[in-house]
Each structure stands twice: as structure tokens, then as C-alpha cells.
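All residue numbers for the sequence shown refer to our numbering, where the first residue is 533 and numbers rise by one.
We treat Cβ as the ideally placed atom computed from N, Cα and C, and that holds for glycine.
Please read these numbers as outputs of a predicted model, since none were measured by experiment.
Okay, so here's the structure we're looking at.
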Amino acid sequence: MNNLPIQRLHSRALLPGYQTEGSAGMDLAYAGDSDLLIPQGEIVFVPTGLAMAIPNGYEGQIRPRSGFSTKNRMIMPNAPGTIDSDYRGEIKIPILNLSGSDFLLEVGTRIAQIVFQKIEVLTPVFVDSLDETKRGAGGFGSTGK
């Protein structure tokens, strides 16, 4: 198991963690001085109070927690979001309130998860043509239902 350096930026920040042995993502929680109002229909950037040093060659994918998102009708408008390995700022989670009313987010509520993915860096080059495939240029819906 590899260590992930995490800096606590807020005294109420919780160390991310896997909730079960088979979990793919570590849960991230809201860290603040008090509960946070997320107005109906608005996007609020929710602070986690954490910064981390993701190893070079990896990205952190931020995804909604299914329980929090579906039970409360809170979504992440850019899911999944990417945290690059060279980012050292606070991780903030954009939450859009679709619940139909204002929502009071309690300090310590687990709102998202981070999944670490190994990435390959590719070098883009222009070519005159691409190899042929059965699908070709078929786009949205081209493979059927």
C-alpha cells in the first residue's frame, strides 16, 4: 500500500478513507466552521479542508457519493472531476442542489469520493488518415440501443 501525503487545511477536515475493503474510492467530507446552506437550484463549492500530493502518473477522479447524491438530490455538475498530480490547492466539491428546497449541509457529511487512476501521457501528432474500424465515424446512437 502506498502513502498519499495529505495536508489538513482546516481543523475539522477528516482524513479520507475507504469505507469497506472493496471500496474503489475514498470518501471526502465537508469541512467548515458551521453547517453550510446550499440554496435550491444553486451550485456551491464545498470545501473539504484538504490538499494532497497525488503522485505523478496518477489523477484523482472526484465522483458523487451515491447515497448522498441520490437521497438528497445533490449532484456534481462536472462529475467526474479531475484533480491533477501537480495541483496543491484545497479540494472543493461543486454541489448543485436539485432537491426543490434549500439544503443545510452538516459539517463532517461525506459528500463525494476520490478514485485514483493511473494515467498514460501520450504525444499528439498530426497524421494524414486514421486506421479503419467497423464503426468508423458513427457517433451518438450509431451502435443501436
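- DSSP-derived helix/strand/coil call for Phe672: coil
- Task: Decide if Gly673 is buried, meaning its Cβ has at least 16 other Cβ atoms within 10 Å, or exposed.
- Result: exposed
- Item | Own chain partners of Gly581 with C-beta closer than 6 Å, once the 5 adjacent residues on each side are dropped | Leu541, His542, Ala545, Ala563
- Item | Distance, Glu574 Cα to Leu628 Cα | 6 Å
- Message: Assuming the contact rule is C-beta atoms closer than 8 Å, Ser617 and Pro587 should be a hit. Round their C-beta distance to whole Å, please.
- Response: 6 Å
- Task: State the CB to CB distance for the pair Ile625 and Ala644, rounded to an integer number of angstroms; the pair is presumed to be in contact (CB under 8 Å).
- Result: 5 Å
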